[in-house]
Structures are given as C-alpha cells and as structure tokens.
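Here the structure comes first, spelled out in structure tokens, and everything after it is commentary.
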Ligand code: LLP
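Numbering (our numbering), first residue to last: 16 to 466.
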C-alpha cells in the first residue's frame, strides 16, 4: 500500500515534495512559462550558483511539519520522539529537532557525541541501540546520563553491568526483542526475523530480564523492538506490538517494572509519488502501534528517522555530459554513488526532476520533450547510477536536476570513494539559508595520510 492511498489526491504533482520543495514561477520568467523548483522561498538555481553542486538542500518547514504529524498522531499516548540520528546526523538538523523537543536514538559513540554537541540536555532523552556497543561507548553513554540502553544480547548485558558497576551508576535497560515478524522491505533493511542479527528471541527474553534484574547496577525499565526500515504497511508494526504487549504483561507478572516500550523506527516514505496526506498516514501507523498497548500504561519511545527527514531534502546535481552509446542514452551528472548510495546499494528508486521545467505553454509552442535515459555519476563502477531506463524531461548539459527524497540516508551514507570530497549541506528556512556543512576539500581528505 502506498502511504495515504485511501485519501484524496494531493494538489501537488509527483515532481514536488511540499512544503519543502515546490515549483513556482521564476520571477524573471513569463507567466505560465518556466517553473522553477524552490526550497521554501529560495529558487534552487540560485543556491546551486552560489554553493556549487552536488549539493544537499534541506527544508526546515518540511522537517517541522513531519515531526508535527508524529506529535499529533501520538498526542493521546504518553510518548517521546527519539529521532534516529543515523538517518541524517548533521548537527544543525539535530539541534533543530532538539529545539522541537525531540530526544534521539543513537547507535555509536560518535552519534552520541553529535547529540551532546547539538544539545547537551538531550542526553536524558537519548536511547542507545545497536548490536555491537563497545565498553568505551557504553561508558560514555553512562557518563552522559542517557535515558535507556537497548541491549541486544546476553554478552552485552554483561558488558553493560560491568561498566555501570565500575562507574557506580545505574543503567536503565530495555532488551531489544526480535519479534519474528516479516515486513515487506528490502532484505538489507529488514531486521525483525530470527535469521537477522538483531535483538534477542522474544521467547528467551524472560530469562535475560531475570538476569538483568539480579544485577546491582542494572534497572530493568522497558522493552524495545525495531522490525526494519522503509515499511509502508502499518500491519507488521501492529503485529510486532501485539507480541511486545504480551511480553510486557509476562514481565510485569514476573515482578519487573516496565515503564517504556521502544517501538523502533521504520515507517517508510513514498519515493515514487507525492504523498497524499502524511498526517493520515502517520495516524494509521500510530493506531497500529498503540492499539495493542493501550491498556498497559507505558511510555512510548518512537525512533523515526527517514519519515522525518527523507522528503525534506534533495540532492542537487548538474548535468555534465549527454552521451549516447548505440541505443542507450546517458546523462552524466556531477553527483555520484559516493554522494547518494541508495540506488547502488538497495536498487532504490529516487524521483529525479529537472529544476527548471519548461511549461507546456512555452511561448514557442513546443511541448515538453521526454526521453529515456540512464542518470549516472562519474565514479568508475557500473553500479554508479541514480536511475536506469527512466523517462525524463529532456535536459541539456549544464542543466540542474534534483534527486528527491534524499534527506534520509543520503549524506549520512556518503563516502569519499574515488577521492571525491563530500557535498555541502544547506538548511533553508523561508528566505534564509545556512551552510550547515561546508563542502569538503581534497586537502582535507589527504590530511590524515602520510607519504
Ligand atoms: N531504530 C533502529 C534500531 C534502527 O536500526 C533504525 C534504522 C531506525 C530506528 C530508523 O529507521 P527509519 O525510521 O529511518 O526507517 N540505509 C537504509 C536504511 C537503514 C535503516 C537502519 N536502521 C536506507 O537507506 O534505506
């Protein structure tokens, strides 16, 4: 099911991602002619001209609106939104979310340091997940005073106990249970089955909770679960929560105090078409998650990542060359798989749109031409593509394209492969723009190396 498919069609085209990215008539252009993609009040060509490409551009109001939809959908349930830092960990994005009241889900000492740098006080609303926490990372999190550790194995429980005892600090613990629920998503990002490395089998959980409860510096406080990412059907979330609800009841009858249920993240976005009604979509998700838990009086910890920032960002790129090899037509752009790896890694679809659209009522009367192309980057791998056999509006060398829905797992997964400096990142709020990360230089890349 695509998000919000049962509600009325959006007034926006599939080429837009309101409220962040919408086409508007260019000031200089004639009426009904050129349409220019804007981020809030700023035309993207202006930003490209000033800051260069490839360039990540994020919209503050889109992030706020998406977070607002979560807050609204869960308003009748005690909850905290612990934004999943891995989706987009830029300090300014974290600070924006912290100021909106978010806590955070971190999976490394590095992510914890980002949260502390963005907003020190957010530590007490931070959860620490991940299958391979080192003792150094655990110690840092204990010192920072985080809310809860989502423990993923018996051995990790032992390590946490050891670190907490050394510091004489109580560690609040939830076990991440693996509910054995299948979700329809890419196999690399499904996590809720027994064959996956994540969590402890739900039927082993009671024994481990007993072990945790016996440890002097551990305090059993919750249950956590995360079944995977980019899941657009609410049903598997409900299924997982039904199993968690049974576990909470069993644990309480064993005498444990269970205050928190961490539902994980995973709510997907609509990469293909514009969302119809994000609020309704999140309401449906909230209903599925909360329904099994409604009588348990627990506080929910929600860990959305992609759903908050995904459609709030685009990757802006310039067409370097057009090229035709026999029947195959290529647009070679200046962004590459190192900047956005999702198509290469997961075969992910990202909508690609021309930043300037020539309107069909153009003065010369020509209608817009479409063509079948592969959009590829300069990296030396055939996997370096953004789209294959995609029908796009015809563009020229030097034109700008926007790769949509790149706000989540875009820059966060970027690398320096082919010694390509990573792009700059901008955060737009109405008419103002802030460089929230400068473009890397080759000198910086070489800086840690020795000849
Ligand atoms: N909580 C935990 C424990 C997680 O492992 C994840 C994502 C999240 C929350 C946030 O999930 P979200 O709401 O963003 O779906 N690189 C992949 C996605 C990897 C997701 C990993 N875990 C992609 O680009 O699709």
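Yeah, the Cβ is synthetic: ideal placement off N, Cα and C, and Gly gets one too.
Keep in mind it's a predicted model, so treat the numbers as computed, not measured.
Item, Value
"Less than 8 Å separating the beta-carbons of residue 163 and residue 237?", "yes"
"Do you know how far the Cα of residue 440 is from the Cα of residue 71?", "5 Å"
"Leaving out five residues before and five after residue 334 in sequence, what residues of the same chain have Cβ atoms less than 6 Å from its Cβ?", "346, 348, 410, 412 and 414"
"By a C-beta neighbour count over all protein chains shown, 10 Å radius and 16 as the cutoff for buried, is residue 54 buried or exposed?", "buried"
"Could you give the distance in angstroms between the alpha-carbon of residue 252 and the alpha-carbon of residue 300?", "8 Å"
"Give the single residue among 157, 308, 136 and 107 whose Cα lies nearest to the Cα of residue 124.", "157"
"Let's see if you can read the secondary structure: which residues bound the beta strand (DSSP E) around residue 404?", "400-408"
"DSSP three-state call for residue 216: helix, strand or coil?", "strand"
"Which residues in the same chain as residue 456 place their Cβ atom closer than 7 Å to its Cβ, once the five residues preceding and following it in sequence are excluded?", "436"
"According to the Cβ coordinates, are residue 14 and residue 451 closer than 8 Å?", "In the structure displayed, the chain extends from 16 to 466; residue 14 sits before or after that span and is not available."
"In whole angstroms, give me the CA-to-CA distance for residue 407 and residue 222.", "57 Å"
"Would you mind giving the Cβ-Cβ distance between residue 103 and residue 426, rounded to the nearest angstrom? I have them listed as a contact below 8 Å.", "7 Å"
"Going by the beta-carbon positions, is the gap between residue 191 and residue 214 smaller than 8 Å?", "yes"
"Does the distance from the CB of residue 317 to the CB of residue 260 come in under 8 Å?", "no"
"Return the bridge partner residues of residue 416 from the DSSP annotation.", "332 and 369"
"Just verifying my parser: in three-state terms, what is the DSSP assignment at residue 313?", "coil"
"DSSP on residue 256, reduced to helix/strand/coil?", "helix"
"Excluding sequence positions up to five away, which residues of its chain have a Cβ less than 6 Å from the Cβ of residue 152?", "124"
"Going by C-alpha to C-alpha distance, which of 390, 391, 357 and 369 sits closest to residue 384?", "369"
"State the start and end residues of the unbroken beta strand (DSSP E) segment that holds residue 36.", "36-40"
"Please find out if some non-hydrogen atom of ligand 1 comes closer than 7 Å to the beta-carbon of residue 361.", "yes"
"DSSP three-state call for residue 296: helix, strand or coil?", "helix"
"Which residues share a DSSP beta bridge with residue 346?", "337 and 390"
"Whose C-alpha, out of 294, 284, 220 and 232, is nearest the C-alpha of residue 269?", "220"
"Quick check: the Cα distance between residue 468 and residue 32, rounded to an integer number of angstroms?", "Beyond the ends of the chain as shown, which are 16 and 466, falls residue 468; an answer cannot be given."
"Apart from the five residues on each side of it in sequence, which residues of its chain come closer than 8 Å, Cβ to Cβ, to residue 154?", "178, 181 and 182"
"Whose C-alpha, out of 396, 35 and 67, is nearest the C-alpha of residue 421?", "35"
"Measure from the alpha carbon of residue 142 to the alpha carbon of each residue in 109, 277 and 193, then state which is nearest.", "277"
"Could you spell out the range, first to last residue, of the beta strand (DSSP E) harbouring residue 1?", "The structure shown does not extend to residue 1, since the chain is modelled only from 16 through 466, so no value can be given for it."
"Report the residue ranges of all alpha helix (DSSP H) runs contained in full by the region 120-187; include only those spanning at least 4 residues, in chain order.", "124-133, 150-159 and 169-182"
"Could you tell me which residues DSSP pairs with residue 277 in its beta bridges?", "239 and 316"
"If you run the structure through DSSP and keep just helix, strand and coil, what is residue 67?", "coil"
"Go through its chain and collect everything with a Cβ distance to residue 198's Cβ below 7 Å, but skip five positions before and after it.", "205, 207, 242, 243, 246 and 251"
"With DSSP collapsed to three states, give me the class of residue 76.", "helix"
"Enumerate in chain order the residues of its own chain whose CB-to-CB distance from residue 176 is below 7 Å, with the five nearest sequence positions on each side excluded.", "230, 232 and 233"
"Give me the Cα-Cα distance between residue 343 and residue 464, rounded to the nearest whole angstrom.", "40 Å"
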